[in-house]
Every structure is written in C-alpha cells, then in structure tokens.
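All letters in the sequence shown, in the order written, are residues -22 to -1, 1 to 295 by mature numbering (1 follows the signal peptide of the UniProt record, and there is no 0).
Backbone N, C-alpha and C define an ideal beta-carbon position, used for all residues, glycine too.
Quick caveat: nothing in here was measured; it's all calculated off a predicted structure.
Written below as structure tokens is the structure these notes are about.
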Amino acid sequence: MACNHRPPCLLAFFFFAAIASAQLSSTFYSTSCPLAIQTIRQAVRAAVAKEARMGASLLRLHFHDCFVNGCDGSVLLDDTPSFTGEKTAVPNNNSLRGFDVIDNIKSQVEAVCKQVVSCADILAVAARESVAALGGPPWTVQLGRRDATTASLDAANTEIPSPKSDLDDLISAYSKKGLSTTDMVALSGAHTIGQARCISFRDRIYNETSIDSSLATSRQSNCPSSGGGDDNLSPLDAVTCTLFDNFYFRNLVKKKGLLHSDQQLFGGGSTDSLVTTYSTNTARFFSDFAAAMVKMGNISPLTGTDGEVRLNCRKTN
C-alpha cells in the first residue's frame, strides 16, 4: 500500500521521530566529553567479564527504557512522592537488573566530565558495548539524548510486550513504536543471550503443544507447576547465555523457543520465513539487528533543552 494511505497519527509519529533523530549525532560528545565512550566501554567490559549475564541485562534495560515514552532514562528513576517509577511495573519488578552497574558507569563518566553525559545515552552505549562484549554486531550509536524528569508506571505496564504475547500483539506493539516486523524479529534475537524467570514460561512448558518435549521436560525440573519457584532462572536459548549468535532462531525452528512470544515467531505465521533466514544466515541477522537497534534508540528521545542531564541516574536533579 502506498505511504500516502498511512493514518495521520502514524505520519505524525515518523515526522517527529525524524526531527528527534536529526538532533542526535554519533559525535555529540567528541568535544564536550571525548573520553565518554571509552569510559563506558571499559566499565561494561569489566561488568560482563565478571558476569556474562550482565550483558543481556544491560541490553534489556535499554529496551525497556525506549519502549516506555522513548529513550529517556526514565526506567532508572526510583519512586518519589510525586510519581511512582517504572521499576515495580509487572515487566520490570524482580526482573530488570544492572542498575548498580549503570550507577558505577555514571560515576566514572562524571569523573571525566561533570554533568555532560545523560543516563539515557549511557544506557544506549552500554547496550551496544554489551552486545559487542558477547560477540555480537557493532552499530553506530546516535547520541545527545537527555534524561526525563518523571516516569510512568502505567506506561511500563501497558507498552512493554509480554512474554505471553501472540504474534499479532507483538507486531502491533512494535509498530506503535515505529518499528517494522523485521525489526521486531531481529530484536527478539537478543534472546540468544540472557535468562528468563520460571513465571514467564511456566504455562508454556506445562500446557502448550508447540514445544519440543525434551525442552519442556528439562525446564520443568527447575520450574515446578505449583508451589513456588517463580524466580528460578533458565537460559533463553536453551543452551547458553554467554554468546551472541543466531542460535535462538535455530531453536525456534526446532520448537525450542522458551517463551510463548518467542515461539510465536515460528509456527505458521508471517514471520516464519525471516526466522528461517536468520537461523542459517548469521550475517543477515547481525545486520538487521544492528539496524533495528539504531531505530529503537531513536524512539522519542528528549533533546535540546528538554529534560535534563542527571547527576544521579536514580533521581532527578
């Protein structure tokens, strides 16, 4: 369908997204804080070397930040008397982690340039460096985001895709952020690293038929059907969480997607062919993932004089 048939609201989204993107620049800190990227890189590498899973956690922080009112660092804010932050939202509570690592990065960046680099930009760069540390693709991070002065518990509860989402729901959730179906599938490939809590896949391993029986059985040993174990962890890719590759997509073809939302990408739907391509073509997956990360990082950033540059990522100035 021709682009002139897009709804006015969607056209407006892309118009303002283009303006915001134009205000970001890969060289934003080259003069004001030339050691910023190097400092973030070294801190991320140290954190991932200490615990490989932290790479996935830092990548996820950036994702959960961008999907709630744009990439503005709001996910990092603690609750205040004037607003309830996003940390206790259902997708985040007892699940998001790495806040202490971001605190450490922020303190190191502040030591080389005072109140110049935003927490939102630290999240964006930390995501890229986490993927690189685990063997994933590089991309050019656009910089110049500023930090939000508020957060939204309600938006965090409604805008972040659920691990129980069906394919149509996933496509819709990403589309609302200006991301294509290809972006959605590629970004889902981040699940080649990291782990999931039992509560997020219990229904699948006990009640769904579109799952490899050996995978279901092995995960049941660490995820009881009742009586607790909600926070017990299992690798998302069924083997490891320390290498960024296309193993996730190979698992989907074999019905070894751990989450319901994962397996929805391969099972007779419109995304089957792309999953098949990624499962055999790592270069194509890496290329599409990198492009999608750039697009995701451009979701409604605060720029110019909007927002602020926080001294402490957990609270406003």
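Euclidean distance between Cα positions of residue i and residue j
{"i": "Pro279", "j": "Asp43", "result": "10 Å"}
{"i": "Asn295", "j": "Lys84", "result": "14 Å"}
{"i": "Leu157", "j": "Cys49", "result": "14 Å"}
{"i": "Thr118", "j": "Val272", "result": "7 Å"}
{"i": "Glu286", "j": "Asp125", "result": "5 Å"}
{"i": "Arg288", "j": "Ile80", "result": "13 Å"}
{"i": "Ser199", "j": "Ser130", "result": "37 Å"}
{"i": "Asn104", "j": "Leu112", "result": "Per the sequence shown, the amino acid found at residue 104 is Ala instead of Asn. Taking the straight line from one Cα to the other gives about 12 Å."}
{"i": "Arg23", "j": "Ala194", "result": "34 Å"}
{"i": "Cys201", "j": "Pro115", "result": "33 Å"}
{"i": "Leu243", "j": "Ala151", "result": "14 Å"}
{"i": "Phe77", "j": "Ala89", "result": "19 Å"}
{"i": "Met162", "j": "Asn290", "result": "32 Å"}
{"i": "Thr255", "j": "Arg262", "result": "8 Å"}
{"i": "Thr159", "j": "Asp215", "result": "21 Å"}
{"i": "Leu230", "j": "Gly245", "result": "9 Å"}
{"i": "Phe222", "j": "Ile277", "result": "24 Å"}
{"i": "Gly207", "j": "Asn71", "result": "16 Å"}
{"i": "Gln20", "j": "His238", "result": "36 Å"}
{"i": "Ser143", "j": "Thr136", "result": "12 Å"}
{"i": "Ala110", "j": "Glu186", "result": "35 Å"}
{"i": "Leu236", "j": "Asn210", "result": "14 Å"}
{"i": "Asp56", "j": "Thr128", "result": "10 Å"}
{"i": "Phe6", "j": "Leu148", "result": "33 Å"}
{"i": "Gly63", "j": "Cys97", "result": "15 Å"}
{"i": "Ser35", "j": "His169", "result": "11 Å"}
{"i": "Ser3", "j": "Asp99", "result": "11 Å"}
{"i": "Phe267", "j": "Phe41", "result": "13 Å"}
{"i": "Pro213", "j": "Arg38", "result": "15 Å"}
{"i": "Thr9", "j": "Val95", "result": "12 Å"}
{"i": "Arg123", "j": "Asn47", "result": "13 Å"}
{"i": "Leu54", "j": "Cys176", "result": "25 Å"}
{"i": "Ala164", "j": "Asp284", "result": "31 Å"}
{"i": "Ser178", "j": "Asp190", "result": "17 Å"}
{"i": "Lys233", "j": "Val253", "result": "12 Å"}
Start and end residues, alpha helix (DSSP H) containing residue i
{"i": "Arg36", "result": "The question names Arg, but residue 36 is Leu in the sequence shown. Run containing Leu36: 31 to 44, per the alpha helix (DSSP H) assignment."}
{"i": "Asp125", "result": "Counting along the chain, Asp125 falls outside any alpha helix (DSSP H), and DSSP gives it neither H nor E."}
{"i": "Cys4", "result": "Cys is not the amino acid found at residue 4; the sequence shown has Ser there. First-last for Ser4: undefined, no H or E at that position."}
{"i": "Ser251", "result": "250 to 258"}
{"i": "Lys28", "result": "14 to 28"}
{"i": "Phe227", "result": "225 to 231"}
{"i": "Arg197", "result": "191 to 198"}
{"i": "Asp240", "result": "238 to 241"}
Beta strand (DSSP E) segment containing residue i, residue limits
{"i": "Leu211", "result": "211 to 213"}
Buried or exposed (CB count within 10 angstroms, at least 16 for buried), residue i
{"i": "residue 301", "result": "Since the displayed the chain opens at -22 and closes at 295, residue 301 lies outside it and no answer follows."}
{"i": "Pro59", "result": "exposed"}
{"i": "Gln16", "result": "exposed"}
{"i": "Lys65", "result": "buried"}
{"i": "Asp132", "result": "exposed"}
{"i": "Gly172", "result": "buried"}
{"i": "Gly282", "result": "exposed"}
{"i": "Gln241", "result": "buried"}
{"i": "His(-18)", "result": "A caution first: His(-18) carries a pLDDT of 37, below 50, which makes its placement in the model unreliable, though a value can still be read off. It is exposed - the Cβ of His(-18) has fewer than 16 other Cβ atoms within 10 Å."}
{"i": "Val87", "result": "buried"}
{"i": "Thr249", "result": "buried"}
{"i": "Pro12", "result": "exposed"}
{"i": "Lys28", "result": "exposed"}
{"i": "Ser(-2)", "result": "With a pLDDT of 47 at Ser(-2), under the threshold of 50, the predicted position of this residue should be treated as unreliable, though the coordinate-derived value follows. Classification of Ser(-2): buried, given that the 10 Å Cβ count is 16 or more."}
Residue i versus the options, residue with shortest Cα-Cα distance
{"i": "Pro141", "options": "Phe222, Gly206, Thr62, Ser166", "result": "Ser166"}
{"i": "Met274", "options": "Thr281, Ile177, Thr258, Phe45", "result": "Phe45"}
{"i": "Arg228", "options": "Ser265, Thr260, Leu74, Ala21", "result": "Thr260"}
{"i": "Arg31", "options": "Leu74, Gln241, Val253, Gly63", "result": "Leu74"}
{"i": "Phe264", "options": "Arg106, Arg180, Leu54", "result": "Arg106"}
{"i": "Thr258", "options": "Phe225, Asp284, Lys233, Gly247", "result": "Phe225"}
{"i": "Ser204", "options": "Ser192, Thr249, Ile183, Ile189", "result": "Ile183"}
{"i": "Arg180", "options": "Arg197, Leu39, Lys232, Ile138", "result": "Arg197"}
{"i": "Ala14", "options": "Arg292, Lys154, Gln93", "result": "Gln93"}
{"i": "Gln1", "options": "Val53, Ala269, Pro69, Leu121", "result": "Leu121"}
{"i": "Ser52", "options": "Leu37, Thr9, Ala134", "result": "Ala134"}
{"i": "Lys155", "options": "Asp146, Ala164, Ile138, Leu145", "result": "Ile138"}
{"i": "Phe146", "options": "Gly247, Ala27, Val253", "result": "In the sequence under discussion, the amino acid at residue 146 is Asp, which differs from the Phe named in the question. Of Gly247, Ala27, Val253, the residue nearest in Cα terms is Gly247."}
{"i": "Lys293", "options": "Ala25, Ile18, Val26, Phe61", "result": "Phe61"}
{"i": "Ala270", "options": "Ser192, Ser153, Thr220, Ala174", "result": "Ser153"}
Below-8 Å beta-carbon distance, residue i vs any chain B residue
{"i": "Thr294", "result": "As a matter of chain content, chain B is missing from the structure shown, which is built from one protein chain."}
Checklist entry - What are the start and end residues of each continuous beta strand (DSSP E) run of 3 or more residues lying completely inside the region 132 to 178, in chain order? => result 173 to 175
Next on the checklist: What ranges does the alpha helix (DSSP H) occupy inside the region 76 to 101, keeping only unbroken runs of at least 4 residues that lie completely in it?
Outcome noted: 77 to 90
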